[in-house]
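First to last, the sequence lines map onto chains A and D. For the first sequence, the positions run 1 to 323 when our numbering is used. For the second sequence, the positions run 1001 to 1323 when our numbering is used. Take a look at the structure set out below.
Protein chains: 2
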Amino acid sequence: MIEVAVDIQGADNPPSELISGVFDALNDNKDLFVYVCGDKAAIEQAVSGKAYDKKRLAVIDAPQTILNTDNPVDAVNGKKDSSLVSAVELCRAGKAKALVTCGATGAIFVAAMLMLKKIADCPALLCEPRKIDGTPFCIVDCGANVDCRAEKLVSFAKLGCAYMKAIGTEKPKVVLLNNGAEDKKGSALTKKANELLRASSVDFIGNLEGTQILTGEGDVVVCEGFSGNILLKTMEGVALGVLKEIDTAMNKLGIDSDGYKKLHDKLYKKYNYTELDGAVLLGFSAPIIKGHGAATAETVYHIIKSAYILARNDISEKIRQEI
Amino acid sequence: MIEVAVDIQGADNPPSELISGVFDALNDNKDLFVYVCGDKAAIEQAVSGKAYDKKRLAVIDAPQTILNTDNPVDAVNGKKDSSLVSAVELCRAGKAKALVTCGATGAIFVAAMLMLKKIADCPALLCEPRKIDGTPFCIVDCGANVDCRAEKLVSFAKLGCAYMKAIGTEKPKVVLLNNGAEDKKGSALTKKANELLRASSVDFIGNLEGTQILTGEGDVVVCEGFSGNILLKTMEGVALGVLKEIDTAMNKLGIDSDGYKKLHDKLYKKYNYTELDGAVLLGFSAPIIKGHGAATAETVYHIIKSAYILARNDISEKIRQEI
């Protein structure tokens, strides 16, 4: 069994709405076991009468909720019966191999730092978009580490390689996000990082400019957290913006074929990173997949699936091998 | 007359190919006067028999070319008869009010620094994309100033406001590119810049995330040059990538209406910043519009038009007013 702990509280939508994502994930993966952490009475009411394998779901009673407005340290220390702390505790104790949450980012970091073992120098936030041709790649760091030293970018590269190996890319290639393709170009940080990556154990193939982000070579895009956040959010904003622009124009042109509608929906899902995909916090003894606060049941389904794949392919062992 | 100096050499394409962009610009704007700087014999051969107002074009003989491979300082000091140095000299002497070039970026900067008067603390590179709804806005700095202090971002904001006023936006609003919308979020640099912008004379309305770049409020997007370069190139790469993806799918679907083709071509031009639009170097006594090395006659036409508008609306005076 692959055990995943799910914090079902702390998102905008109520557990009763999010829970159907858990059923879908259970029905999809026959060796998935889910611990659902939250208010037991509410969860049991939501699950009653639903079709799922009861042997593969356990409810952990954790009625408290950590809010976005809570002080993260106080909340993690004070709300021991919160859904988040209970889910992290299952990972700490080795009962769950991955954690899924749509709760407050600050509290998630604090809980991981206080309760889990660090297995990398610098835990980082990773996202996995798709290129134009559908190939997955990852961007790391996406916003957890702002203002960091060049050495950390090598650590990010290793976490990214471990991640790509866990999702099936045997020999991941690493690129460095930069304002120029040449090795000597860049900010003080990226020039230094380029040197360190060249000297490191990862398969570093050079710098990558923004123009190449969806078409260029490379499985792991390495960047400092500020740039990574700008990169990822701009990708989403521009892709969805252009899609909307085309959609409006196509409506005016009277082109409303079923084929086009399906294409639009497919691309909307592909580039809507915030709505469906989670960000992965890597570098602790268990991977933590964080969904957006406005997560739906579909988001929960997607991020449990990611957690399941990472746990099944032992991401933590792969990180240890890289480092 | 609005006099613009055009460096017709130093791009990948030969002057004979680029020159027709000059004719188109002359025919478009009846009070435009162009100094074409380059090899006189070659230019005269290219212009002979073409339809344009001969009273509004002067050829300045400057047979030398500054190459991308030249050392910028040596080239500017040594090649006094180069098309670039001649064009900058026309601006220095007050004969031309703006400069257009598709030459080597390093040499352009050096020539401006050595030959022109600085009218802003920190000259910066500005680009002018369009939002989804077609509204123009500007991003400043786009790559000239990497690793800069927060104070410089206020200077960029002022240059951006002067630019927007010159192209017709009466009361430009300023936003700061950041990894979060809240004032307190960001890197050390953006947190400090946010404070300084709040205390400055510009109309600063807050931080902007990448998701909002094509749809959000704000006429001037302020950022440090590394982030600005990542932002602009990512916008282009993602927009053109998504367009190509849709185009391929539409071909497969057999949707090849004229309306869709026109839409595709329109959007391709809108988002292909590198091919058609220039970057504007602001902060010297004359604005310098730099086209891509792979510029075509259409690029030259576009960037002469930008230069003409900035000169006609006295961008330099607007910069002095802001600062």
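Note that CB positions come from ideal geometry on N, CA and C, so glycine has one too.
Coil, strand or helix - glutamine 64 (chain A) by DSSP | On the first sequence, residue 64 (chain A) is found 64 positions in, with the first residue counted as 1. Looking at glutamine 64 (chain A) - three-state DSSP - the assignment turns out to be strand.
Taking just the CA atoms, how far does leucine 196 (chain A) sit from methionine 1115 (chain D)?
-> For this step, residue 1115 (chain D) is matched to residue 115 along the second sequence. For this step, residue 196 (chain A) is matched to residue 196 along the first sequence. Going by the C-alpha atoms only, they are around 39 Å apart.
Among A:Lys55, A:Asn68 and A:Tyr35, which one has its Cα closest to the Cα of alanine 62 (chain A)?
-> Here residue 62 (chain A) refers to the residue found at position 62 of the first sequence. Closest by alpha carbon: A:Tyr35.
Check whether the Cβ of serine 16 (chain A) lies closer than 8 Å to any Cβ atom in chain D.
-> Your numbering for residue 16 (chain A) matches position 16 in the first sequence. Taking Cβ atoms only, chain D never reaches closer than 8 Å to serine 16 (chain A), which makes this a no.
Of the residues A:Gly49, A:Ser201 and A:Ala46, the one placed nearest leucine 153 (chain A), counting alpha carbons only | Counting from 1 along the first sequence, the entry for residue 153 (chain A) is found at position 153. Measuring from the Cα of leucine 153 (chain A), the nearest candidate turns out to be A:Ser201.
Near threonine 1274 (chain D), which residues of its chain fall below 7 Å by C-beta distance, leaving aside the five closest residues on each side in sequence?
-> Counted from its first residue, the second sequence places residue 1274 (chain D) at position 274. Within the same chain, threonine 1274 (chain D) has close Cβ partners Glu1236 and His1292.
Near isoleucine 1303 (chain D), what residues of its chain come up, given a Cβ to Cβ distance below 6 Å and the 5 sequence neighbours on each side ignored?
-> Working through the second sequence from its first residue, we reach residue 1303 (chain D) at position 303. For isoleucine 1303 (chain D), where only same-chain residues beyond five positions count, the Cβ hits under 6 Å are Val1100, Gly1278, Ile1289 and Gly1291.
Since lysine 173 (chain A) sits in a beta bridge, which residues does DSSP pair it with?
-> Position 173 of the first sequence holds residue 173 (chain A). Paired residues: A:Asp203.
List the endpoints of the continuous alpha helix (DSSP H) containing valine 146 (chain A).
-> Position 146 of the first sequence, counted from the first residue, corresponds to residue 146 (chain A). Neither: valine 146 (chain A) is in no alpha helix (DSSP H) and is coded neither H nor E.
Check the Cβ-Cβ distances between glutamine 1212 (chain D) and every residue of chain A, and say whether any is below 8 Å.
-> Here residue 1212 (chain D) refers to the residue found at position 212 when the second sequence is read from its first residue. Chain A contact via Cβ: present.
Neighbourhood of cysteine 148 (chain A) by C-beta distance below 6 Å, restricted to the same chain and skipping five residues each side = Taking the first residue of the first sequence as position 1, residue 148 (chain A) is located at position 148. Closer than 6 Å at Cβ, skipping near neighbours: Glu224.
Could you list which residues in chain D have their beta carbon closer than 7 Å to that of alanine 239 (chain A), in chain order?
-> As a position in the first sequence, residue 239 (chain A) is number 239, starting the count at 1. By Cβ distance, chain D contributes Val1238 and Val1242.
Please name the residue in A:Met113, A:Lys54, A:Asp7 and A:Lys118 whose C-alpha comes closest to that of isoleucine 66 (chain A).
-> Counted from its first residue, the first sequence places residue 66 (chain A) at position 66. Out of A:Met113, A:Lys54, A:Asp7 and A:Lys118, A:Asp7 has the C-alpha closest to the C-alpha of isoleucine 66 (chain A).
Check whether the Cβ atoms of leucine 1281 (chain D) and alanine 1166 (chain D) lie closer than 8 Å to each other.
-> Numbered from its first residue, the second sequence carries residue 1281 (chain D) at position 281. Numbered from its first residue, the second sequence carries residue 1166 (chain D) at position 166. No.
Are the C-beta atoms of isoleucine 255 (chain A) and some chain D residue less than 8 Å apart?
-> The residue you call residue 255 (chain A) lines up with position 255 of the first sequence. Chain D, which has a Cβ nearer than 8 Å to the Cβ of isoleucine 255 (chain A), makes this yes.
Is the Cβ of glutamate 275 (chain A) closer than 8 Å to any Cβ of chain D?
-> For the purposes of this step, residue 275 (chain A) is identified with residue 275 of the first sequence, where counting begins at 1. With 8 Å as the cut-off, glutamate 275 (chain A) does not count as an interface residue toward chain D.
Considering only the beta carbon of each residue, do alanine 98 (chain A) and proline 287 (chain A) sit closer than 8 Å?
-> Within the first sequence, numbered from 1, the residue matching residue 98 (chain A) stands at position 98. Within the first sequence, numbered from 1, the residue matching residue 287 (chain A) stands at position 287. In this structure, proline 287 (chain A) lies closer than 8 Å to alanine 98 (chain A) by Cβ.
Listing by chain order, which chain D residues have their CB less than 7 Å from the CB of isoleucine 230 (chain A)?
-> The count along the first sequence starts at 1 and reaches residue 230 (chain A) at position 230. In chain order: Leu1177, Asn1179, Gly1210, Ser1227, Ile1230 and Leu1231.
Is glutamate 1128 (chain D) buried or exposed, if buried means 16 or more other CB atoms sit within 10 Å of its CB?
-> In the second sequence, residue 1128 (chain D) corresponds to position 128, counting from 1. Buried is the call here.
Taking Cβ positions, are alanine 1058 (chain D) and valine 1088 (chain D) nearer each other than 8 Å?
-> Numbered from its first residue, the second sequence carries residue 1058 (chain D) at position 58. Numbered from its first residue, the second sequence carries residue 1088 (chain D) at position 88. No. Outside cutoff.
Using only alpha-carbon positions, find the residue among D:Arg1130, D:Gln1045 and D:Asn1179 that is nearest to glycine 1218 (chain D).
-> Mapped onto the second sequence, residue 1218 (chain D) falls at position 218. Of D:Arg1130, D:Gln1045 and D:Asn1179, the residue nearest in Cα terms is D:Arg1130.
Roughly how many angstroms lie between the CA atoms of proline 14 (chain A) and leucine 26 (chain A), to the nearest whole one?
-> For this step, residue 14 (chain A) is matched to residue 14 along the first sequence. For this step, residue 26 (chain A) is matched to residue 26 along the first sequence. Approximately 20 Å between the Cα atoms of the pair.
Tell me where the alpha helix (DSSP H) around tyrosine 1035 (chain D) begins and ends.
-> Numbered from its first residue, the second sequence carries residue 1035 (chain D) at position 35. Tyrosine 1035 (chain D) -> not in any alpha helix (DSSP H); beta strand (DSSP E) instead, spanning 1032 to 1038.
Could you tell me how far apart the beta carbons of alanine 1011 (chain D) and cysteine 1091 (chain D) are, in whole angstroms, since I believe they sit closer than 8 Å?
-> Working through the second sequence from its first residue, we reach residue 1011 (chain D) at position 11. Working through the second sequence from its first residue, we reach residue 1091 (chain D) at position 91. Rounded, the Cβ-Cβ distance is 19 Å, inconsistent with contact.
For glutamate 1089 (chain D), which of helix, strand or coil comes out of DSSP?
-> Indexing the second sequence from 1 puts residue 1089 (chain D) at position 89. Three-state DSSP puts glutamate 1089 (chain D) in a helix.
Just mark glycine 254 (chain A) as buried or exposed, buried being the case when its beta carbon has 16 or more other beta carbons within 10 Å.
-> On the first sequence, position 254 is the one that residue 254 (chain A) refers to. Looking at its Cβ environment, which holds fewer than 16 other Cβ atoms inside 10 Å, glycine 254 (chain A) is exposed.
Closer than 8 Å to chain A by CB, leucine 1267 (chain D) | As a first step, residue 1267 (chain D) must be located in the second sequence, where it is residue number 267. It does: the Cβ of leucine 1267 (chain D) has a partner Cβ on chain A nearer than 8 Å.
Closer than 8 Å, CB to CB, is isoleucine 139 (chain A) near chain D or not?
-> Indexing the first sequence from 1 puts residue 139 (chain A) at position 139. Not closer than 8 Å to any Cβ of chain D, the Cβ of isoleucine 139 (chain A) fails to qualify, so no.
Isoleucine 1139 (chain D) and valine 1221 (chain D) closer than 8 Å at C-beta | Here residue 1139 (chain D) refers to the residue found at position 139 when the second sequence is read from its first residue. Here residue 1221 (chain D) refers to the residue found at position 221 when the second sequence is read from its first residue. Cβ atoms of isoleucine 1139 (chain D) and valine 1221 (chain D): closer than 8 Å.
Own chain partners of phenylalanine 226 (chain A) with C-beta closer than 6 Å, once the 5 adjacent residues on each side are dropped = For the purposes of this step, residue 226 (chain A) is taken as the residue at position 226 of the first sequence. Result list for phenylalanine 226 (chain A): Val146, in chain order.
Which listed residue (D:Lys1050, D:Asp1031 and D:Leu1159) has its alpha carbon closest to that of glycine 1317 (chain D) | Within the second sequence, residue 1317 (chain D) is the residue found at index 317, counting from 1. Reading off the sequence, residue 1317 (chain D) comes out as glutamate, not glycine. Nearest option by C-alpha distance: D:Leu1159.
Closer than 7 Å by beta-carbon distance: list the chain D residues that pair up with isoleucine 132 (chain A), in chain order.
-> As a working note, residue 132 (chain A) is residue 132 in the first sequence. Those are Gly1241, Lys1244 and Glu1245, listed as they occur along chain D.
For lysine 1030 (chain D), count neighbouring Cβ atoms within 10 angstroms of its own Cβ and tell me buried if that reaches 16, exposed if not.
-> The sequence position of residue 1030 (chain D) within the second sequence is 30, counting from 1. Answer is exposed; the Cβ neighbour count stays below 16.
Mind checking who asparagine 1004 (chain D) pairs with in its DSSP beta bridge?
-> Counting from 1 along the second sequence, the entry for residue 1004 (chain D) is found at position 4. The identity of residue 1004 (chain D) in the sequence shown is valine, whereas the question assumes asparagine. Answer is D:Val1034 and D:Ala1098, bridged to valine 1004 (chain D).
Residues of chain C with a CB under 7 Å from the CB of glycine 143 (chain A): which are they?
-> Although the question refers to chain C, the structure presented lacks it and instead comprises the protein chains A and D.
Relative to the C-alpha of glutamate 1170 (chain D), which residue among D:Glu1245, D:Phe1137 and D:Gly1078 is closest?
-> Locating residue 1170 (chain D) in the second sequence gives position 170, counting from the first residue. The option with the nearest alpha carbon to glutamate 1170 (chain D) is D:Phe1137.
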